[in-house]
Each structure stands twice: as C-alpha cells, then as structure tokens.
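The structure under discussion appears below in the form of structure tokens.
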Amino acid sequence: MKYMLGVESTAHTFGVAVVDFEGRILVNLRDMYTTEEGGMIPLEVRAHHKRVAGDLYLKALEEAGIDEGDVEAIAFSNAPGLAPCLLEGMGFVKKKARELGIPVVCVNHCIAHLEIGSSIGATDPVMLYVSGANTQVIAYEAGKYRVFGETLDLGVGNFIDTVARYMGLGFPGGPRIQQMAAEYAEVGGRWSVVGEPELLDLPYSVKGMDVAFSGLQTKIRNLIERGVDKSKIAYSMQEVVFAMLVEAAERALAHTGKTELLLGGGVACNSRLQEMCRIMCEERGCKMFCPERGLLVDNAGMIGYLGLKMWRSAQATGNRQQVTGVFWDLDSVDIAPRERTDDVEVVWK
Ligand code: ATP
Ligand code: FE2
53 MKYMLGVEST AHTFGVAVVD FEGRILVNLR DMYTTEEGGM IPLEVRAHHK
103 RVAGDLYLKA LEEAGIDEGD VEAIAFSNAP GLAPCLLEGM GFVKKKAREL
153 GIPVVCVNHC IAHLEIGSSI GATDPVMLYV SGANTQVIAY EAGKYRVFGE
203 TLDLGVGNFI DTVARYMGLG FPGGPRIQQM AAEYAEVGGR WSVVGEPELL
253 DLPYSVKGMD VAFSGLQTKI RNLIERGVDK SKIAYSMQEV VFAMLVEAAE
303 RALAHTGKTE LLLGGGVACN SRLQEMCRIM CEERGCKMFC PERGLLVDNA
353 GMIGYLGLKM WRSAQATGNR QQVTGVFWDL DSVDIAPRER TDDVEVVWK
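Remember, this note's numbering sits 52 above the position in the sequence shown when you count from 1.
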C-alpha cells in the first residue's frame, strides 16, 4: 500500500494528513495558532509551525498506522500564503523528502479547497471560497479555475476578525461573532413586533460578482466606538456581509449556467451563511455541497487529496515537473506566496 502525505502551512494552521492511494483521507491533523487578544503576527506563526511540525508528523503516521517508508510522496501547499509560514512548511517538507528519497508535489491551497468538493460528490461547481485572506467565486472553465468574482479589498474572514478585534475579542473572531449574532437573533426576534430582529443600517457593496468590505469596516468601527450594542452589530454585520456573498455566488451560477454550489474556507463554517446559501440554491434548483468542518478550514487533508490527483496525472502523462507540480528535483521546489488561482495549469482533470 502506498500513501501520500499532505502538509499545510500557508497561514495560521500547520497540518499533516495521510491519504491512501484510493484518495481516502485516513488522518487529517492540524494545529492552529490562536490568540486570546489581538491578531496574528507572521513571525510568531512561523515559530508556532516550527514548534509543532515534528510532533504532528509523527502523530499522523502513528494514527494512520504506517511507517515513514510507506510514504510515496509529500504534497504541500506552496501557494498562496504568508511567506514566513510557507517557508517553514517548505523547509520541513524538503528535509523529509530528502531523508526518504521521495518527490514533492506543489499544491495551490485555493484550488485544494475547490478540489476537495469532489470527495463529497461535487462534479462541476461554482465555489464560494470564503476564508481569512481569500474571498472568491471560482469555477472551472476552459482548462483553468477562473475567478469570476472576488473581494476588492479585504478577505471576509480577515474583515470579520478585525471587527472582532475592535470588539476586544481574540483570534479567530468568526466563531465568537457567530455566537453573539445568534444570541442577538434569539432575544431580538422576541422583542420586535415583526418577529425579525432589528437590523442596523450598514453599507452593502456588491459590484457585479465582486464585493468590498472596507466601507463597512469603517462604519462598524464608528459604531463600536459610539458604544452601540456589540451583539446587534455582530448580527447586522453577518446579515449584510453574507447577503453580499450569496448575491455574488448566485450571479456566478447564473453567468456560468452551472448547477452546483460548493462552499470552502473557514468562514463557510458559519451556520447562518450555510443557511442563506441553502435557501438560494433551493430557489434556483441548484445542489449545495458543504464539506465537513475539518475540510472547510485550512487543512492538510485537502492538500494530500489534490496532491494525489496531481501525482496520478504526472505518472500518466510523464509531463515535466513544472507543468505537473510533481518535483523529484527538490532544489526546484519553491514557494509562490502570490500565485493566483488562474495562474495554475489544471493538467490533472
Ligand atoms: P486561506 O489561506 O484559505 O485564506 P485562512 O488562512 O484564512 O485561509 P481558514 O481556516 O480557511 O484559514 O479560515 C479562517 C477564517 O475563518 C478566520 O478568519 C475565522 O474567523 C473564520 N471563521 C471560522 N469559523 C467561522 C464562523 N463560524 N463564522 C465566521 N467565520 C469563521
Ligand atoms: Fe484556506
């Protein structure tokens, strides 16, 4: 039996996964850098990754019940992401690959979020990819994954985390904001005459399939400084921001004629966003796919899963390593912090 190892280190999460050659994710471990207060500092995140990498690797092998010698190749997300974090991941992966005499598969993190959809039955989806750094509406067209819409300023997760920081909450802020919003919806719904909680008037910014958050961020900062009820802000913000995302995704479905919506990225863990997407899909007669939480957030399982597809394609075609992303020559492996989704030649499909 052969195995593919997946390694993730593009941002706050260091992950190691073991995928078998049938594409089953046997183990998907991750260790996320968190803070009680304040955001994340790239060099501290790098130190975190350095600290946890070795143990996580051993634990993954142990939980999968395999030896190092059973690993056929290591897939790692070399793009896009924070350079210090990517470098730490690459250093770790190259060292292991050298020791074991095996190749490295360079995987684009964003595309891995999309490809993991095929593990739950999505065949040709529009993906709403909503994470910390990224907010994109992506779909496959003519040999590439194309970005149909995206944020014009901040990633939605970073935006939510920033608002959480203004409120004095720690990182990541998304889950805490969700909780506050849900509490407000409970109570606010009971108080209001129409049965719907009262909403703050917030700017709504969608241009075609693109979205923008900076105006909203300024407005919310002012509201917080003026002492407006934080749970009301959390609730109103979620309603407005998620409506923007759903509108962009719906427009991409209409534009491409595709009939599947796939969610990806940590913000897609939000149950209110999932609910709004589900309603939109039902109304359009589309199918919605939402991976389990462990495969939505940054994780190494999706990296190993796509790495395996790329590995198979490289073996089948014998293509050059720069095209397939499978590198035997480890000196040629490099990080690409700013690689864009549509820079990648999709040769494995
Ligand atoms: P990428 O590298 O793909 O941009 P990322 O590094 O931001 O990803 P993810 O794990 O995909 O990492 O997403 C993390 C983000 O998800 C954080 O901004 C966090 O606040 C947000 N998040 C997590 N859970 C929720 C939730 N329930 N509601 C809203 N946001 C959430
Ligand atoms: Fe991610």
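Cβ coordinates follow ideal geometry from the N, Cα and C atoms, glycine included.
Checklist line | Per-residue DSSP class, three states only, for Arg198 | finding: Note: Arg198 maps to strand in three-state DSSP.
Check: What's the C-alpha gap between Ile331 and Glu302?
Finding: One alpha carbon belongs to Ile331, the other to Glu302, and they sit about 11 Å apart.
Note to self: Taking the beta carbon of Arg273 as the centre, do at least 16 other beta carbons fall within 10 Å, making it buried, or is it exposed?
What the structure shows: Around the CB of Arg273, fewer than 16 other CB atoms lie within 10 Å, so the residue is classed as exposed.
Check: Which residues bound the alpha helix (DSSP H) around Val208?
Finding: Where Val208 is concerned, the enclosing alpha helix (DSSP H) stretches over 208-218.
Check: Grouping DSSP H, G and I as helix and E and B as strand, with all else coil, what is Phe73?
Finding: It is coil, neither helix nor strand.
Next item on the list: Could you tell me whether the Cβ atoms of Gly209 and Gly279 are closer together than 8 Å?
Entry: Result no, Cβ atoms of Gly209 and Gly279 do not sit closer than 8 Å.
Item checked: Assigned exposure category for Ile172 - 16 Cβ within 10 Å defines buried -> Taking a 10 Å sphere around the C-beta of Ile172, we find fewer than 16 other C-beta atoms and assign the residue as exposed.
Check: With 16 other CB atoms within 10 Å as the buried threshold, where does Arg82 fall?
Finding: Under this definition Arg82 is a buried residue.
Notebook entry, point to check: According to DSSP, which residues form a beta bridge with Lys259?
Noted result: For Lys259, the beta-bridge partners assigned by DSSP are Asp262.
Next item on the list: Please list, in chain order, all residues of the same chain as Phe73 whose beta carbon is under 6 Å from its beta carbon, the five residues on each side excluded.
Entry: Counting only Cβ-Cβ distances below 6 Å, and skipping sequence neighbours, we find Lys54.
Check: Taking the C-alpha atoms as reference points, what is the distance between Gly225 and Met219?
Finding: One C-alpha to the other measures close to 10 Å.
Next item on the list: Have a look at Asp253 and Ser129 and give me their C-alpha separation to the nearest angstrom.
Entry: Those two C-alpha atoms are separated by around 40 Å.
Check: The beta strand (DSSP E) spanning Glu124 covers which residue range?
Finding: It spans 123-131 - the beta strand (DSSP E) in which Glu124 sits, taken as one unbroken run.
Check: Between the region 85-99 and the region 367-379, do three or more beta carbon pairs fall short of 8 Å?
Finding: In short, these stretches do not touch, since the Cβ pair count stays below three.
Item checked: Neighbour-count burial assignment, Asp119, 16 or more Cβ in a 10 Å radius -> Asp119 should be labelled exposed.
Next item on the list: Would you be able to state if there are at least three C-beta pairs under 8 Å between the region 59-68 and the region 136-152?
Entry: Result yes; three or more Cβ-Cβ pairs closer than 8 Å.
Check: Near the ligand FE2, which residues have their beta-carbon less than 6 Å from any of its heavy atoms, given in chain order?
Finding: Here the list is His161, His165, Ser183, Gly317, Asp350.
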